[in-house]
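Peer 1: Okay, handing you the structure first.
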Amino acid sequence: MLDIVIDARSAALSPGFEVARILPYRRRRMVGPFVFLDHAGPVALKPRVSREMDVLPHPHIGLSTITYIFHGKWMHRDSVGYEQVIKPGDVNWMTAGSGVSHSERFEEEFRRTGGDLELLQAWVALPTAVEESEPSFHHFARQHLPHQESAGIWMRMIAGEAFGLTSPVNTHSPLFYVHVELQPGARLQLPDTYSERAAYIARGQVTLQHQRYQKGQLLVFEPGKNPVLTAETPATVMLLGGEPLGKRHIWWNFVSSSKERIEQAKADWAAGRIRLPVHDDEEFIPLPGSPKKDPEPLS
C-alpha cells in the first residue's frame with residue numbers, strides 16, 4: 001500500500017525563518033511531476049516583521065511554482081512584471097520556463113501587524129517540450145477554485161482534476177493538488193486515476209491500515225492500490241500526484257531534464273543575464289558558491 005513515508009526535515013528559508021522540507025528526498029525525488037514541497041509555519045509573528053525574513057529575488061528554470069497560503073499574506077514580484085498579494089486560499093502559479101526571477105516578501109500591512117503565517121510551496125516540473133517556454137504568471141482567488149463538502153470532508157482543488165472537480169489553473173501535464181480538511185472519523189479515498197499519488201499531513205493525525213501517521217509526514221502510495229485515510233483528529237491533508245515526466249535534475253532553484261541546461265542557468269544568473277523582478281531589482285540572492293555567503297534559497 002505504502003511505497004515510502006517521508007518525514008519533513010528542517011531547512012532555513014531566510015535568516016530566522018525555518019520551514020519543513022518534504023520533497024525532494026534522497027530516496028524519492030519526485031511524485032508525479034512534483035519535485036519540491038516546503039511547509040512554512042504555522043508560526044505567530046510579532047508586529048514589524050524583520051525584512052531579513054523576506055526571500056530576496058532568485059531565479060528558476062524548467063518548472064512551475066505553486067504558492068498556497070493557510071494564514072497570513074505574502075507578496076510576489078517577478079521579472080515578467082507581476083506584483084501580487086496572495087491571501088489565504090488563493091493560488092499563485094508561476095511558470096519559469098526558459099528563466100524567471102521572483103521575490104517573496106511579507107505583505108506590508110502584515111509586516112506591520114504581524115500575525116499567524118502558514119503556507120506551502122510546491123514545484124512542478126515541466127514536460128520536456130515546454131521546459132523552454134516563455135515565463136508566465138497567473139493568480140487565482142480562492143472564490144474561483146472549486147470546492148465541495150460531504151461526510152466530514154471539505155476539499156478545495158488547487159490544481160489539476162480529481163474527485164469530480166477541475167481547477168482553472170492551466171497545468172502542463174496530468175496532475176492533482178488538493179487541500180482537504182477532515183473531521184474526526186472521516187474516511188478519504190485517494191483518486192485512482194493517476195500513476196503516482198501522495199498525501200502530506202499538514203495538521204493532525206490519520207490512520208492507514210491501522211497504522212497512525214501525523215503532521216509532517218508524506219505518505220507515498222504504491223501504484224494500483226486504493227488507500228483510504230481515516231482522520232483520528234481534525235486533520236489538514238494535502239493530496240498530490242500525477243503522471244511521471246521522466247528524470248529531472250535539480251540544483252538550487254533550477255530544474256531541467258538536461259544537466260547542461262542547469263549549467264547554463266548557473267552561468268546566466270551569475271552573469272546577470274536573468275532579469276530581476278521589475279519592482280524589486282535592488283538586491284538578490286547570489287549563486288551558491290559565490291564569494292558572498294548566501295542564505296539558503298528554497299523557493
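Using full-length UniProt numbering, you'd call the opening residue of the sequence shown number 1 and step up by one each time.
Just so it is clear, CB atoms sit at the ideal spot from N, CA and C, and this is done for glycine as well.
These numbers were taken from a predicted model, which means no experiment stands behind them.
Tell me the residue span of the alpha helix (DSSP H) that contains Trp269.
Peer 2: Per DSSP, Trp269 belongs to the alpha helix (DSSP H) from 259–270.
Peer 1: Assuming the contact rule is C-beta atoms closer than 8 Å, Met157 and Thr166 should be a hit. Round their C-beta distance to whole Å, please.
Peer 2: Going by Cβ atoms, the distance from Met157 to Thr166 rounds to 7 Å, so yes, they are a contact pair.
Peer 1: For Gln183, is the classification buried or exposed, using 16 other Cβ atoms within 10 angstroms of its Cβ as the cut-off for buried?
Peer 2: It counts as exposed.
Peer 1: So what's Arg51 in DSSP terms, helix, strand or just coil?
Peer 2: Residue state, collapsed to three classes: helix.
Peer 1: Going by the DSSP bridge assignment, what does Ile86 pair with across the sheet?
Peer 2: Partner(s): Trp74.
Peer 1: Taking the alpha carbon of Arg9 as the point to measure from, which residue in Gly224, Gly216, Met155, Leu245 has its own alpha carbon closest?
Peer 2: Among Gly224, Gly216, Met155, Leu245, the Cα nearest to that of Arg9 is on Gly216.
Peer 1: If you pair each beta-carbon of the stretch 114–125 with each one of the stretch 142–156, do three or more pairs fall below 8 Å?
Peer 2: Taking 8 Å as the limit for Cβ pairs, the verdict is that the stretch 142–156 does not touch the stretch 114–125.
Peer 1: Which of the three DSSP states is assigned to Arg273 in this structure?
Peer 2: Looking at Arg273 - three-state DSSP - the assignment turns out to be coil, as it is neither helix nor strand.
Peer 1: In whole angstroms, give me the CA-to-CA distance for Leu126 and Ser173.
Peer 2: Cα to Cα, the separation comes out at about 8 Å.
Peer 1: Identify, in the order they occur along the chain, each residue of the same chain with its Cβ nearer than 7 Å to the Cβ of Gly246, setting aside the five sequence neighbours on each side.
Peer 2: Cβ neighbours of Gly246 beyond the five flanking positions: Ser257.
Peer 1: Could you tell me which residues DSSP pairs with His210 in its beta bridges?
Peer 2: His210 pairs with nothing; no bridge assigned.
Peer 1: Return helix, strand or coil for Ala129, following the three-state DSSP convention.
Peer 2: It is helical.
Peer 1: What's the C-alpha gap between Ala29 and Phe36?
Peer 2: It should be pointed out that residue 29 corresponds to Arg in this sequence rather than to Ala. Approximately 8 Å, taken between the alpha carbons.
Peer 1: What does the alpha-carbon distance come out to for the pair Ile61 and Phe254?
Peer 2: Their Cα atoms are separated by approximately 5 Å.
Peer 1: Run through DSSP, which three-state label would Thr113 get?
Peer 2: Three-state DSSP puts Thr113 in a helix.
Peer 1: Out of curiosity, what's the CA-to-CA distance linking Ile262 and Gly81?
Peer 2: Between Ile262 and Gly81, the C-alpha separation is close to 24 Å.
Peer 1: Would you mind sorting Arg21 into buried or exposed? The rule is 16 or more other CB atoms within 10 Å of its CB.
Peer 2: So Arg21 ends up on the buried side.
Peer 1: Asn92: buried (16+ other C-beta within 10 angstroms of its C-beta) or exposed?
Peer 2: Asn92 should be labelled buried.
Peer 1: Please check the pair Leu56 and Ser103, which I expect to be a contact at CB under 8 Å, by giving their CB distance rounded to whole angstroms.
Peer 2: Sure, about 6 Å apart at Cβ, within 8 Å.
Peer 1: DSSP state of Glu134, grouped into three classes?
Peer 2: If DSSP states are grouped into helix, strand and coil, Glu134 belongs with coil.
Peer 1: Can you tell which of Ala141, Ala202, Thr233 has the C-alpha that lies nearest to the C-alpha of Val85?
Peer 2: The shortest Cα separation from Val85 among Ala141, Ala202, Thr233 belongs to Ala141.
Peer 1: For Val220 versus Val31, is the C-beta distance shorter than 8 Å?
Peer 2: Going by C-beta atoms, Val220 is nearer than 8 Å to Val31.
Peer 1: Around the C-beta of Gly289, are 16 or more other C-beta atoms found within 10 angstroms, so that it is buried, or is it exposed?
Peer 2: So Gly289 ends up on the exposed side.
Peer 1: Within 10 angstroms of the Cβ of Met75, are there 16 or more other Cβ atoms? Answer buried if so, exposed if not.
Peer 2: Under this definition Met75 is a buried residue.
Peer 1: Under three-state DSSP, which class holds Gln143?
Peer 2: Gln143: helix per DSSP, three-state reduction.
Peer 1: What do you get for Trp251, buried or exposed, if any count of 16 or more other CB atoms within 10 angstroms of its CB means buried?
Peer 2: Result: exposed.
Peer 1: Any chance the stretch 231–240 sits against the stretch 191–201, with 3 or more Cβ pairs inside 8 Å?
Peer 2: The stretch 231–240, when compared against the stretch 191–201, does touch it at the 8 Å Cβ threshold.
Peer 1: Any idea if Lys225 is buried or exposed, counting beta-carbon neighbours within 10 angstroms, 16 or more meaning buried?
Peer 2: Lys225 comes out exposed.
Peer 1: Judging by CA-CA distance, which residue of Arg273, Ala122, Pro286 is the nearest neighbour of Pro33?
Peer 2: Nearest option by C-alpha distance: Ala122.
Peer 1: Quick one: what does DSSP say Ile4 is sitting in, helix, strand or coil?
Peer 2: If DSSP states are grouped into helix, strand and coil, Ile4 belongs with the strands.
Peer 1: Rounded to a whole number of angstroms, what is the C-alpha to C-alpha distance between Glu222 and Glu196?
Peer 2: Their Cα atoms are separated by approximately 7 Å.
Peer 1: Quick check on DSSP: helix, strand or coil for Glu222?
Peer 2: Reduced to three states, the DSSP call for Glu222 is coil.
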